[in-house]
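K.L.:
So that we are looking at the same thing, I have put the structure below in structure tokens.
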Amino acid sequence: MAQLPEKLTQTIEALSLVSDRAERIQTLIDLAERFHEVPPEIARRPFSSLNEVPACESEAYVFKERRPDGTLAFHFAVENPQGVSAKALAVILEGALSGAPPEQVAAVEPDIVYKIFGPELSMGKSMGLMSMVGMVQAEAKKALEQKGR
Amino acid sequence: MSEIESRGYAHPEALVSTDWVAEHQKDPGIRLVESNEDPLLYSSGHIPGAVEVDWTRDLNHPVQRDYLGREGFEKLMRRIGADKDTTVIFYGDRNNWWATYALWVFRLFGHDKAKVMDGGRIKWAKEGRPLTKEVPSYPETQYRAPERDDAKVRAYRDTVLKHVEGKGKMIDVRSPQEYSGERLHMPEYPNEGALRGGHIPGAANIPWARAVNPDDGTFKTAEELRGLYENEAKLTPKDDVIVYCRIGERSSHTWFVLTQLLGYKQVRNYDGSWTEWGNLVGVPIEK
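Heads up: the sequence lines are chains A and B, in that order.
Start counting the first sequence at 1; every next residue gets the next number (our numbering).
Start counting the second sequence at 1; every next residue gets the next number (our numbering).
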């Protein structure tokens, strides 16, 4: 099984060191505040429903950009202004998975959201966040399939 | 007559508008409480003066599947600087879903001085009203909590079973897919689901969010709500009604609508809901 992308491992390790819940929340909010939505050269509104994350109340969208070296860059849009957790996750995924080997991105399981946000997520919230990871994972798998043809 | 009063609710005083909150947010007799699904939302900005009540840490029993007990509620009220005379105004994300859940738990301890800010957090934010990251601190009160009294607003499985046998009225507030049994659990989340799909026999399906206007998250008028619950689900105000969903949170929203906005006298929330019923051996299920 492929290892996880190094930057993602580092991010999860760094968050695991933040044992205080309030501090972890503040760290994630700081990340959310760094959110930049998908650049217009990649996608413009109205975004395609093909890019919409299913079961995500934050109305998140995932976009991929193929790079010349065969890796992918990931971009996000979050339409719900209350989607703070979705924005924090988008910043983590964009920063940690863009440019990583697709084999490693394909190995990222959706349940990493619990390592990032902690166990106190409602089912609805965890569903939406896991679906975001699931869409990124699916894009990496598609890229691998196309490479193998 | 205020705009909320003009909607014809049985208890219009159960709702306050964002304008009212803006005018009264510093009144010493009120406490604003934000309750959200998204754990990051309160810390990222809340109405000045509002405290957070978190559904997992503050309202649930830490070990058992149950709500907090008398001591826990007493500690919570003291922490947020509230006593028996404090009017608690709840608001939050997701159309006030979690706000009404918190209000319902407060009712288990008889705290009736509780209202909901119509439209919730998103309405306040969309109106360009101020949000702050500053967490307020209130002097701890000497509040003494009564024992929790579940009888009036909460139903357990044995009560529900008798209710089914007596052909009592029930509302299943889950999605049509969950109601029909087409969806047994959320995808990729089987441990939170149930072994059987469907609904409790006799329950009508009115998804909880149909009670709010999708544009601004405010509650629909009494006439529109009667259209849902009385014309579609065939309830009458004199009915003894049990509402349920998956774990009792979405149905607390419907409990609020039926008891506060339509004035139904006997509505209980079955918080065991489908995660209990769909796993019970031998209970009747309809698809």
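Beta carbons: idealized from backbone N, C-alpha and C, even for Gly.
Everything numeric in this text was worked out from a predicted model, so none of it was measured.
Go through its chain and collect everything with a Cβ distance to A:E109's Cβ below 7 Å, but skip five positions before and after it.
P.N.:
As a first step, residue 109 of chain A must be located in the first sequence, where it is residue number 109. Same-chain partners within the cutoff: there are none.
K.L.:
Closer than 7 Å by C-beta to A:M130: which residues in its own chain qualify, once you throw out the five before and the five after it? Chain order, please.
P.N.:
Counting from 1 along the first sequence, the entry for residue 130 of chain A is found at position 130. Within the same chain, A:M130 has close Cβ partners P110, D111 and V113.
K.L.:
Count the CB pairs spanning the stretch 223-242 of chain B and the stretch 118-125 of chain B that are closer than 8 Å, and state whether there are at least three.
P.N.:
Inter-segment contact for the stretch 223-242 of chain B and the stretch 118-125 of chain B is absent: fewer than three beta-carbon pairs are separated by less than 8 Å.
K.L.:
Buried or exposed: B:R246, going by 16 or more other Cβ atoms within 10 Å of its Cβ?
P.N.:
In the second sequence, the residue the question calls residue 246 of chain B occupies position 246. Its Cβ being crowded by 16 or more others within 10 Å, B:R246 is buried.
K.L.:
Suppose only complete runs of 4+ residues qualify. What are the alpha helix (DSSP H) ranges in the stretch 18-95 of chain B, listed by chain order?
P.N.:
18-24, 41-44 and 70-79
K.L.:
With DSSP as the reference, identify every bridge partner of B:T275, one or two as the case may be.
P.N.:
The sequence position of residue 275 of chain B within the second sequence is 275, counting from 1. In the DSSP output, where bridge partners are listed per residue, B:T275 has none listed.
K.L.:
Quick one: Cα of B:P48 to Cα of B:E5, how far?
P.N.:
As a position in the second sequence, residue 48 of chain B is number 48, starting the count at 1. As a position in the second sequence, residue 5 of chain B is number 5, starting the count at 1. Taking the straight line joining both Cα atoms gives about 26 Å.
K.L.:
Within this structure, are the beta carbons of B:I285 and B:A155 separated by less than 7 Å?
P.N.:
Within the second sequence, residue 285 of chain B is the residue found at index 285, counting from 1. Within the second sequence, residue 155 of chain B is the residue found at index 155, counting from 1. Not in contact: B:I285 and B:A155 (Cβ atoms no closer than 7 Å).
K.L.:
With DSSP as the reference, label B:I171 as helix, strand or coil.
P.N.:
Within the second sequence, residue 171 of chain B is the residue found at index 171, counting from 1. Looking at B:I171 - three-state DSSP - the assignment turns out to be strand.
K.L.:
What does a CB cutoff of less than 6 Å around B:A14 pick up in its chain, not counting 5 residues either side in sequence?
P.N.:
Here residue 14 of chain B refers to the residue found at position 14 of the second sequence. Hits under 6 Å: K115 and Q260.
K.L.:
Within the stretch 114-168 of chain B, note down every full beta strand (DSSP E) run reaching 3 residues or more, in order along the chain.
P.N.:
114-117
K.L.:
Quick check on the DSSP output: the beta strand (DSSP E) that includes B:D240 runs from which residue to which?
P.N.:
Taking the first residue of the second sequence as 1, we reach residue 240 of chain B at position 240. Per DSSP, B:D240 belongs to the beta strand (DSSP E) from D240 to Y244.
K.L.:
Applying a beta-carbon distance threshold of less than 7 Å, which residues of chain B neighbour A:V84?
P.N.:
By 1-based counting over the first sequence, the position of residue 84 of chain A is 84. Those within 7 Å of A:V84 in chain B are D38, L40, L41 and S44.
K.L.:
Going by DSSP, what residue range makes up the beta strand (DSSP E) through A:E145?
P.N.:
As a first step, residue 145 of chain A is located in the first sequence; it is residue number 145 there, counting from the start. Segment M123 to G148 is the alpha helix (DSSP H) holding A:E145; no beta strand (DSSP E) there.
K.L.:
Decide if A:S49 is buried, meaning its Cβ has at least 16 other Cβ atoms within 10 Å, or exposed.
P.N.:
Indexing the first sequence from 1 puts residue 49 of chain A at position 49. Answer is exposed; the Cβ neighbour count stays below 16.
K.L.:
Spatial neighbours of B:K126 within its chain, please: C-beta separation below 8 Å, excluding the five flanking residues on both sides.
P.N.:
Taking the first residue of the second sequence as position 1, residue 126 of chain B is located at position 126. Once the five neighbours on either side are set aside, the close Cβ partners of B:K126 are D216.
K.L.:
Contact check, B:D240 vs B:G168 under 8 Å by CB: the rounded distance?
P.N.:
Position 240 of the second sequence holds residue 240 of chain B. Position 168 of the second sequence holds residue 168 of chain B. Indeed they touch by this definition, with Cβ atoms about 6 Å apart.
K.L.:
Please report the straight-line C-alpha distance between B:S175 and B:A211, rounded to a whole angstrom.
P.N.:
Your numbering for residue 175 of chain B matches position 175 in the second sequence. Your numbering for residue 211 of chain B matches position 211 in the second sequence. Taking the straight line from one Cα to the other gives about 13 Å.
K.L.:
Using CA coordinates, which residue listed in B:E224, B:D271, B:R7 and B:E249 is at the minimum distance from B:A151?
P.N.:
Here residue 151 of chain B refers to the residue found at position 151 of the second sequence. Comparing Cα-Cα distances from B:A151 to each of B:E224, B:D271, B:R7 and B:E249, the minimum goes to B:D271.
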